[in-house]
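Numbering (this note's numbering), first residue to last: 24 to 175.
Note that CB positions come from ideal geometry on N, CA and C, so glycine has one too.
Just so you know, these numbers come straight off a predicted model, no measurement behind them.
Reviewing the structure listed below.
Now the structure itself:
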């Protein structure tokens with residue numbers, strides 16, 4: 024539930040809340056140009072916001088957002104237009120568990136392996152690059168980087 028987080032962030036950063044989270048974007052995958060440079064200026068103040076589940080309840084304390092609330096507020100403040108490229112360019116791992124997913128993650132161009140479960144990330148690399156990963160590497164963050172680098 025991004026509405027509440029967005030509203031809290033707008034209040035903290037002194038940005039008028041647009042009334043809904045339709046203006047919110049996921050900063051996990053961004054295609055930007057030099058024109059977007061002001062978006063990354065060092066802010067006067069920064070805080071993290073507790074992530075929320077779809078029902079509005081708080082996610083576990085380890086899930087805190089620093090970048091998304093700030094970048095979304097700065098985008099509004101600077102009046103920077105965004106073009107949503109859609110899920111094919113930022114397929115979130117959390118979509119893979121939905122019954123009504125928009126399409127198979129295998130048909131995406133960029134797979135955003137967010138969250139703690141990395142099993143889908145390994146399956147996607149295997150599908151795209153034909154490289155299998157050992158079972159012990161799945162869901163083991165310390166072993167995530169080396170196999171991925173070797174796959175490329």
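1) Should residue 173 go down as buried or exposed, given a rule of 16 or more other Cβ atoms within 10 Å for buried?
2) Comparing C-alpha positions only, which one of 92, 142, 80 and 87 sits nearest to residue 63?
3) Is residue 47 closer than 8 angstroms to residue 71 when the C-beta atoms are compared?
4) Name the one or two DSSP bridge partners that residue 134 has.
5) In three-state terms, what does DSSP make of residue 74?
6) Would you mind giving the Cβ-Cβ distance between residue 94 and residue 56, rounded to the nearest angstrom? I have them listed as a contact below 8 angstroms.
7) Just the Cα atoms here: how many angstroms apart are residue 25 and residue 142?
8) Quick check: the Cα distance between residue 32 and residue 111, rounded to an integer number of angstroms?
9) Taking C-beta to C-beta, are residue 52 and residue 130 nearer than 8 angstroms?
10) Judging by CA-CA distance, which residue of 67, 104 and 28 is the nearest neighbour of residue 54?
11) Output the distance between the C-alpha atoms of residue 96 and residue 38, rounded to the nearest integer angstrom.
12) Ignore the nearest five residues each way along the sequence and tell me which others in residue 40's own chain have a CB closer than 6 angstroms to its CB.
13) When we look at the beta-carbon of residue 163 and count the other beta-carbons within 10 Å, is it buried (16 or more) or exposed?
14) Can you tell me which of 66, 132 and 109 puts its alpha carbon nearest to the alpha carbon of residue 101?
15) Please report the distance separating the alpha-carbon of residue 35 from that of residue 151.
16) Taking its Cβ as the centre, do 16 or more other Cβ atoms sit within 10 Å of residue 43, making it buried, or is it exposed?
Taking the coordinates as given:
1) In this prediction, residue 173 scores a pLDDT of 39, lower than 50, which makes its location untrustworthy; the coordinate-derived value is nonetheless stated afterwards. Residue 173 is exposed by the Cβ-count criterion.
2) Out of 92, 142, 80 and 87, 92 has the C-alpha closest to the C-alpha of residue 63.
3) For residue 71 and residue 47, no; Cβs fall outside 8 angstroms.
4) Answer is 114.
5) Reduced to three states, the DSSP call for residue 74 is coil.
6) With a Cβ gap of about 15 angstroms, residue 94 and residue 56 do not count as contacting.
7) Here the alpha carbon of residue 25 sits roughly 25 angstroms from the alpha carbon of residue 142.
8) The straight-line gap from Cα to Cα measures roughly 28 angstroms.
9) Result no, Cβ atoms of residue 52 and residue 130 do not sit closer than 8 angstroms.
10) Checked all of 67, 104 and 28; the closest Cα to residue 54 is 104.
11) Taking the straight line from one Cα to the other gives about 6 angstroms.
12) Residues 30 and 33 of the same chain have their beta carbon placed closer than 6 angstroms to that of residue 40, with the five preceding and five following residues left out of the count.
13) Summary for residue 163: the model assigns pLDDT 46, below 50, so the residue's position carries little reliability; its value from the coordinates is reported in the next sentence. Only exposed fits residue 163, as fewer than 16 other CB atoms lie within 10 angstroms of its CB.
14) For the set 66, 132 and 109, the Cα lying nearest the Cα of residue 101 is the one of 66.
15) Near 42 angstroms, if we compare the C-alpha coordinates of residue 151 and residue 35.
16) Exposed, by the Cβ-count rule.
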